[in-house]
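**Q** Pasting a structure below so you can have a look.
Number of protein chains: 2
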Amino acid sequence: MKAEIVAVGTELLLGQIVNTNAQYLSRQLAGMGIDVYYQTVVGDNIERIKETLKLSCSRADIIVLTGGLGPTQDDITKDALAEFIGTSLHIDRMAMDNIDRFFMDRGKEMTENNKRQALAIDGGTPLPNETGLAVGNAVTHEGTHYIVLPGPPRELMPMFEQQAMPWLMQHVLTNELPLYSKMLKFAGIGESALDDRLSDLISTQTDPTIALYAKEGEVTVRISTKAPSEGEAMEKLNELEVQIKSIVPEHMYASEDVPIEQVIVDMMADRGWTLSAAESCTGGLVMETLTSIPGSAKMLLGGIVCYTNQIKHKLINVPQQLLEGEDAPGAVSPEVAEVLAEQIRMVTDSDFGLSVTGVAGPGHAERKPVGLVYIGLSERGKKTEVHELHFKGNREMIRIRATKALLYRLWRRLTAVQPQ
Amino acid sequence: MKAEIVAVGTELLLGQIVNTNAQYLSRQLAGMGIDVYYQTVVGDNIERIKETLKLSCSRADIIVLTGGLGPTQDDITKDALAEFIGTSLHIDRMAMDNIDRFFMDRGKEMTENNKRQALAIDGGTPLPNETGLAVGNAVTHEGTHYIVLPGPPRELMPMFEQQAMPWLMQHVLTNELPLYSKMLKFAGIGESALDDRLSDLISTQTDPTIALYAKEGEVTVRISTKAPSEGEAMEKLNELEVQIKSIVPEHMYASEDVPIEQVIVDMMADRGWTLSAAESCTGGLVMETLTSIPGSAKMLLGGIVCYTNQIKHKLINVPQQLLEGEDAPGAVSPEVAEVLAEQIRMVTDSDFGLSVTGVAGPGHAERKPVGLVYIGLSERGKKTEVHELHFKGNREMIRIRATKALLYRLWRRLTAVQPQ
């Protein structure tokens with residue numbers, strides 16, 4: 005079963021809004037085992053909408069149209085569809101009542117153009133709008149199923165889940181197997197390196213399918229299979245997950261779609277462990293990343309951002325002789341990374357102390373190159389680990405990569421996987 | 005001149021990511037006076053990409069392809085385009101050098117698949133990638149112009165602006181009257197409130213055109229005009245800018261597309277003023293935002309992230325009696341915001357001290373509601389200002405809005421515009 009998403013709206017073509025509906029619908033349709041091969045955006049132009057429908061119905065069984073159901077003259081999606089399948093529109097009684105009630109409740113007079121929002125396609129099923137005024141539609145014509153949804157996400161989402169999805173289940177998907185997926189998450193390894201290490205598996209594996217994609221500092225592997233029941237699907241998915249994990253155990257940090265900071269916060273909060281940080285070149289990004297997770301107040305005590313040597317010395321007692329002077333290693337050095345991690349842990353009395361010091365650029369510092377970063381990880385009663393890292397990219401990328409590298413090292417320490 | 009955007013990537017069709025590139029490119033193309041009539045998303049399938057190209061070149065003069073330039077077997081955009089226009093691919097020397105250097109710098113071995121990222125289309129113009137490894141391409145075939153860009157926005161955006169845009173100007177848009185724009189930036193006011201205050205101007209103005217768009221915590225007004233020379237355009241744009249600024253002087257912080265933190269960093273660094281911050285609910289976001297700007301080391305000394313009362317007390321001497329006890333105002337209070345701002349300024353000996361304390365949620369704290377935030381601004385020798393703010397939204401939105409509100413207040417103070 006193949007579907008196509010057609011978003012109607014000149015505002016999308018002008019870049020005034022992002023087409024988040026396409027993402028939402030794609031995900032929903034994938035979850036129902038329906039393949040989406042194309043997404044199209046077309047403007048508020050009746051000829052171009054009809055051209056698009058002609059093409060779409062030549063290659064898809066289900067066409068989901070979004071947008072263009074409002075009251076203005078630009079809102080012509082239903083008109084275009086009715087013309088295309090050679091039928092007419094009528095006022096849907098329930099939708100009209102809904103619109104009348106809306107204006108009555110507000111003591112406002114309904115303008116004539118609002119009636120357009122109650123238009124429904126002859127021979128179709130109107131889809132009530134629980135959170136807005138424009139009625140949706142579902143209609144089948146010559147073997148193609150058309151779903152018409154409003155553009156605003158807060159109207160589209162409930163309409164899809166409560167109206168369109170049951171309609172599709174009942175009228176279209178009577179014989180399909182549902183698709184089940186699992187997201188495996190990886191840190192400390194790039195997309196191409198992970199692709200490489202999993203290449204034997206990827207090239208021989210057909211069911212479940214394996215797909216990789218990368219975001220800054222983490223890689224996601226999605227494994228998917230169609231099965232008659234969730235139990236059967238999970239059995240196949242779990243088996244493949246174990247295989248994948250056995251190849252890269254030191255990088256797979258989750259088997260659901262969460263960032264590594266979520267895993268760290270949950271693990272530390274559960275065990276009652278506390279953390280503090282002293283950040284130089286990341287300027288607060290490490291703490292900001294951790295505190296973006298609800299519940300982080302349980303484990304992150306706080307820390308300092310120390311852009312100057314004075315603050316390093318004054319707030320957490322980093323010895324001046326390490327920072328300044330002819331033979332001093334300087335602020336960007338393994339020695340200072342070590343002392344920062346240990347001192348912030350001691351001053352705040354936390355179980356773990358993190359540190360970052362480096363050159364984020366664009367200019368160099370202390371005659372050290374842009375991209376040179378030292379990270380430190382101190383644990384109560386254990387030897388402090390320090391890593392020297394070299395990053396490329398602009399200031400933002402260096403800061404993000406340094407943060408992700410430090411979180412990866414912390415995760416490794418917390419899970420007690422032996423360092424490489 | 006008509007353009008079409010074709011995004012390639014199964015991850016888009018599965019709804020794993022949102023197609024923000026389509027919005028970005030649509031807006032850029034609109035700004036160049038190029039009409040976008042369609043946006044299409046197609047999967048990593050060579051036949052379907054070629055089908056899409058066949059359709060697109062029948063209705064557009066410029067086709068912008070995004071995504072599918074990476075190192076894996078799924079990345080086939082260039083292969084599809086080369087097959088479609090009947091030409092071949094070759095390794096671009098500069099791109100290959102860039103890839104070799106990347107791996108050498110990291111002391112890692114380059115895997116064979118990375119060479120694919122250096123592939124360029126015979127007869128085309130390679131577009132260097134300043135922030136990544138995959139080279140882009142621009143090529144003209146039978147009157148249609150193809151631009152091939154990488155999928156990650158941080159690679160695509162600089163490549164479009166620095167490489168593709170000049171290529172289009174030089175090779176394609178030779179007869180068009182060039183479009184000139186100015187971006188005016190506003191803080192401390194929402195999009196609809198600004199729209200309202202500018203409504204008389206917007207409804208009567210036809211040239212230059214005025215367009216508003218909003219990002220979290222700031223609003224951009226783009227004014228544009230077509231003119232034979234930059235001088236003529238600027239005269240019209242500057243005149244309108246003066247009119248706009250006279251309507252909302254207390255909110256317009258820049259007449260170029262920069263974030264407010266950039267204006268703050270530049271202004272403070274120029275004047276030799278220094279800053280420090282004490283952050284509770286924002287968890288480092290204020291300092292992270294400021295330090296994202298190159299040159300911030302000149303003005304931001306540093307500060308603390310104080311998630312616990314103990315750290316507030318221990319590191320910067322906030323009195324215990326304010327924080328804890330039956331009658332204490334508690335950590336989320338105007339009193340503590342004031343003391344935090346003053347103490348961080350005094351401890352670090354800076355000219356200005358900022359503070360944020362609040363409830364970012366999802367749970368409440370100290371029986372205070374989610375969204376309640378106090379911000380403080382202390383200046384050497386002046387009375388400290390404290391503002392009580394109430395934000396709606398989730399944890400992330402509350403943190404961003406609190407940060408933006410504090411930066412806005414700091415900008416107001418620095419520009420010596422009188423507080424409202």
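Line by line, the protein sequences are chains A and B. Each residue of the first sequence is one higher than the last, beginning at 5 in this note's numbering. Each residue of the second sequence is one higher than the last, beginning at 5 in this note's numbering. All residues carry an ideal CB built from backbone N, CA and C; glycine is no exception. Since the structure is predicted, the reported quantities are computational estimates derived from the model, not experimental observations.
1) Quick one: Cα of residue 370 of chain A to Cα of residue 378 of chain A, how far?
2) Which full runs of the beta strand (DSSP E) of 3+ residues lie inside the region 198 to 238 of chain A, going along the chain?
3) Hey, is residue 184 of chain A's beta-carbon within less than 9 Å of any beta-carbon in chain B?
4) Checking the sheet assignment: what are the DSSP bridge partners for residue 79 of chain A?
5) Where in the region 244 to 312 of chain A do unbroken runs of the beta strand (DSSP E), each at least 3 residues long, occur, reported from the N-terminal end onward?
6) Please check if any C-beta of chain A sits within less than 9 Å of the C-beta of residue 361 of chain B.
7) Please state whether the Cβ-Cβ distance between residue 46 of chain A and residue 217 of chain B is less than 9 Å.
8) Is it buried or exposed for residue 73 of chain A, if we count other Cβ within 10 angstroms and need 16 for buried?
9) For residue 373 of chain A, does the count of other Cβ atoms within 10 angstroms reach 16, so buried, or fall short, so exposed?
10) Can the beta-carbon of residue 301 of chain B be found closer than 9 Å to that of residue 290 of chain B?
11) For residue 247 of chain A, count neighbouring Cβ atoms within 10 angstroms of its own Cβ and tell me buried if that reaches 16, exposed if not.
12) With respect to the beta strand (DSSP E) encompassing residue 392 of chain A, which residues constitute its N-terminal and C-terminal limits?
13) Anyone know if the C-beta pair for residue 23 of chain A and residue 336 of chain B falls short of 9 Å?
14) On the criterion of 16 or more Cβ atoms from any shown chain inside 10 Å, does residue 331 of chain B qualify as buried, or is it exposed?
15) Return the CA-CA distance between residue 93 of chain B and residue 157 of chain B, expressed in angstroms with no decimal places.
16) Given residue 288 of chain B, which residues of its chain have a CB within under 8 Å of its CB, disregarding the five upstream and five downstream residues?
17) From the beta carbon of residue 58 of chain B, is the nearest beta carbon of chain A less than 9 Å away?
18) By alpha-carbon positions, which one of A:252, A:306, A:295, A:283 ends up nearest to residue 342 of chain A?
19) Taking Cβ positions only, does residue 43 of chain B come closer than 9 Å to chain A?
20) Does any C-beta atom of chain A lie closer than 9 Å to the C-beta of residue 267 of chain B?
21) To the nearest angstrom, report how far apart residue 88 of chain A and residue 108 of chain B are at their CA atoms.
22) Less than 8 Å between C-beta atoms, sequence neighbours within five positions excluded: which residues of the same chain meet that for residue 8 of chain B?
23) Listing by chain order, which chain A residues have their CB less than 7 Å from the CB of residue 52 of chain B?
24) Does the beta carbon of residue 351 of chain B sit closer than 9 Å to a beta carbon anywhere in chain A?
25) If the cut is a Cβ gap below 7 Å, which residues of chain A does residue 292 of chain B touch?
26) Do residue 155 of chain A and residue 13 of chain A have their C-beta atoms within less than 9 Å of each other?
27) Using a Cβ-Cβ cut-off of 6 Å (strictly less than) and excluding sequence neighbours within five positions of residue 412 of chain B, which residues of its own chain qualify?
28) Express the C-alpha separation of residue 385 of chain A and residue 354 of chain A in angstroms, rounding to a whole number.
29) For residue 238 of chain A versus residue 269 of chain A, is the C-beta distance shorter than 9 Å?
30) Residue 30 of chain B versus chain A: which residues are under 9 Å apart at the beta carbon?
31) So, is residue 101 of chain B buried or exposed, given that buried needs 16 or more other C-beta atoms within 10 angstroms?
32) Using the beta-carbon of each residue, which ones in chain A are nearer than 8 Å to residue 296 of chain B?
33) Who are the neighbours of residue 72 of chain B on chain A, taking C-beta pairs under 8 Å?
34) Is the beta carbon of residue 168 of chain A sitting closer than 9 Å to the one on residue 142 of chain A?
35) Can you give the Cα-Cα distance for residue 79 of chain A and residue 199 of chain B, rounded to whole angstroms?
**A** To lay it out plainly:
1) 14 Å
2) 213 to 219, 222 to 230
3) no
4) Beta-bridge pairing by DSSP links residue 79 of chain A to no other residue.
5) 256 to 258, 279 to 283, 304 to 310
6) no
7) no
8) With 16 or more other Cβ atoms within 10 Å, it is buried.
9) Within 10 angstroms of the beta-carbon of residue 373 of chain A lie fewer than 16 other beta-carbons, which makes it exposed.
10) no
11) exposed
12) 389 to 394
13) no
14) exposed
15) 24 Å
16) 309
17) Taking 9 Å as the threshold, the shortest C-beta distance from residue 58 of chain B to chain A does not fall below it.
18) A:283
19) Closer than 9 Å: yes.
20) no
21) 58 Å
22) 40, 41, 42, 43, 44, 60, 63, 64, 66, 67, 68
23) 41
24) With its beta carbon less than 9 Å from one in chain A, residue 351 of chain B belongs to the interface.
25) 287, 288, 289, 292
26) yes
27) 191, 192
28) 12 Å
29) no
30) 16, 17, 18, 19, 20, 45
31) exposed
32) 287, 399, 400, 403
33) Listed along chain A, no residue sits closer than 8 Å to residue 72 of chain B by beta-carbon distance, the nearest being about 12 Å off.
34) yes
35) 23 Å
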